[in-house]
């Protein structure tokens with residue numbers, strides 16, 4: 025089974041609108057971490073936000089928030105007030121007990137002016 | 094803090110030649126580093142885990158004799174693509190585990206784009 029599933033290969037959003045990128049995960053560990061990264065065309069992986077499995081509150085970082093629903097094993101990324109510079113690939117990732125990360129297949133986000 | 098660099102950022106080489114890519118942790122020590130490969134519009138695929146002072150651990154299907162990994166120090170890991178062929182053309186990214194705000198994370202290098210002619 026896939027550890028991380030991103031079901032949206034591509035998404036479009038109007039500038040200044042909010043958009044939700046979906047991510048579900050599969051683990052039997054009690055302790056794990058969930059991450060979202062942005063990868064622009066330059067290729068660098070830019071850390072956006074982190075949610076620990078024991079964190080009771082949803083993580084927020086500026087315009088990014090993570091909608092963490094533990095029972096459903098979902099960790100959706102919400103980007104508010106989309107900007108043209110948000111157009112990029114977005115990857116959801118999970119770290120289990122060790123250092124290894126598992127990545128989803130990514131979602132390509134296009135912000136329309 | 095927690096900066097990882099890669100060199101070169103891009104390289105073009107002829108088929109049959111070898112290419113070395115360096116991954117450095119600039120402001121922290123990394124006993125472990127990870128090497129990923131990414132094809133266009135695809136996800137990152139873990140190739141191998143580089144361990145300082147010992148042999149690298151390769152993922153299933155990755156040829157260890159083709160992708161030589163050397164973790165010579167606590168801040169440097171190198172990936173050498175030996176006898177490169179056009180199908181080796183890809184984006185190679187390294188990362189090193191570290192700590193950010195009390196949680197464990199991976200810090201990524203900027204990547205190396207390899208084109209084999």
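Chains as they are written, first to last, in this note's numbering: chain A, 25 to 137; chain X, 94 to 210. Idealized CB from N, CA, C, for every residue including glycine. Quick caveat: nothing in here was measured; it's all calculated off a predicted structure.
Exposure of residue i, with buried meaning 16 or more beta-carbon neighbours within 10 Å
{"i": "residue 78 of chain A", "result": "exposed"}
{"i": "residue 122 of chain X", "result": "exposed"}
{"i": "residue 193 of chain X", "result": "exposed"}
{"i": "residue 164 of chain X", "result": "buried"}
{"i": "residue 60 of chain A", "result": "buried"}
{"i": "residue 103 of chain A", "result": "buried"}
{"i": "residue 114 of chain X", "result": "buried"}
{"i": "residue 181 of chain X", "result": "buried"}
{"i": "residue 167 of chain X", "result": "exposed"}
{"i": "residue 170 of chain X", "result": "buried"}
{"i": "residue 130 of chain A", "result": "buried"}
{"i": "residue 31 of chain A", "result": "exposed"}
{"i": "residue 66 of chain A", "result": "exposed"}
{"i": "residue 195 of chain X", "result": "exposed"}
{"i": "residue 131 of chain X", "result": "buried"}
Separation of residue j from residue i, as counted between CA atoms
{"i": "residue 51 of chain A", "j": "residue 123 of chain A", "result": "15 Å"}
{"i": "residue 190 of chain X", "j": "residue 107 of chain A", "result": "30 Å"}
{"i": "residue 142 of chain X", "j": "residue 96 of chain X", "result": "18 Å"}
{"i": "residue 111 of chain X", "j": "residue 87 of chain A", "result": "44 Å"}
{"i": "residue 187 of chain X", "j": "residue 129 of chain X", "result": "6 Å"}
{"i": "residue 118 of chain X", "j": "residue 81 of chain A", "result": "32 Å"}
{"i": "residue 200 of chain X", "j": "residue 162 of chain X", "result": "19 Å"}
{"i": "residue 172 of chain X", "j": "residue 137 of chain X", "result": "16 Å"}
{"i": "residue 133 of chain X", "j": "residue 148 of chain X", "result": "29 Å"}
{"i": "residue 116 of chain X", "j": "residue 49 of chain A", "result": "29 Å"}
{"i": "residue 212 of chain X", "j": "residue 43 of chain A", "result": "No statement about residue 212 of chain X is possible, as the shown extent of chain X runs from 94 to 210 and does not include it."}
{"i": "residue 120 of chain X", "j": "residue 101 of chain X", "result": "19 Å"}
{"i": "residue 69 of chain A", "j": "residue 156 of chain X", "result": "25 Å"}
{"i": "residue 154 of chain X", "j": "residue 101 of chain A", "result": "32 Å"}
Closest by C-alpha distance to residue i, when choosing among the options
{"i": "residue 220 of chain X", "options": "X:174, X:167, X:169, X:170", "result": "As displayed, chain X neither begins before 94 nor continues past 210, which places residue 220 of chain X out of reach and without an answer."}
{"i": "residue 126 of chain X", "options": "X:103, X:133, X:146", "result": "X:146"}
{"i": "residue 96 of chain A", "options": "A:66, A:130, A:42, A:46", "result": "A:46"}
{"i": "residue 8 of chain A", "options": "A:43, A:81, A:63, A:49", "result": "With chain A covering 25 to 137 only, the question about residue 8 of chain A has no answer from this structure."}
{"i": "residue 197 of chain X", "options": "A:49, A:129, A:120", "result": "A:120"}
{"i": "residue 94 of chain A", "options": "A:132, A:65, A:54", "result": "A:54"}
{"i": "residue 56 of chain A", "options": "A:125, A:136, A:137", "result": "A:125"}
Beta bridge counterpart(s) of residue i as assigned by DSSP
{"i": "residue 131 of chain A", "result": "A:114"}
{"i": "residue 31 of chain A", "result": "Note: residue 31 of chain A sits in no beta bridge, so no partner."}
{"i": "residue 163 of chain X", "result": "X:171"}
{"i": "residue 62 of chain A", "result": "A:70, A:114"}
{"i": "residue 129 of chain X", "result": "X:139, X:186"}
{"i": "residue 75 of chain A", "result": "A:58"}
{"i": "residue 100 of chain A", "result": "A:91"}
Same chain, Cβ closer than 8 Å to residue i, five either side skipped, listed in chain order
{"i": "residue 134 of chain A", "result": "34, 35, 36, 37, 111"}
{"i": "residue 150 of chain X", "result": "141, 142, 144"}
{"i": "residue 83 of chain A", "result": "73, 74, 75, 89, 90, 92"}
{"i": "residue 106 of chain X", "result": "112, 177, 207, 208, 209, 210"}
Cβ neighbours of residue i in the same chain (closer than 7 Å, five flanking residues each side left out)
{"i": "residue 127 of chain A", "result": "28, 115, 117"}
{"i": "residue 40 of chain A", "result": "105, 106"}
{"i": "residue 108 of chain X", "result": "177, 178, 179, 209, 210"}
Cβ-based neighbour list, residue i, same chain, cut-off 6 Å, excluding 5 preceding and 5 following
{"i": "residue 58 of chain A", "result": "75, 99, 118"}
{"i": "residue 203 of chain X", "result": "99"}
Any C-beta of chain B under 8 Å from that of residue i
{"i": "residue 118 of chain A", "result": "Of the protein chains in the structure, A and X, none is chain B."}
Residue i: CB within 7 Å of a non-hydrogen atom of the ligand SAM
{"i": "residue 138 of chain X", "result": "The ligand SAM is absent from the structure shown, which contains no ligands of any kind."}
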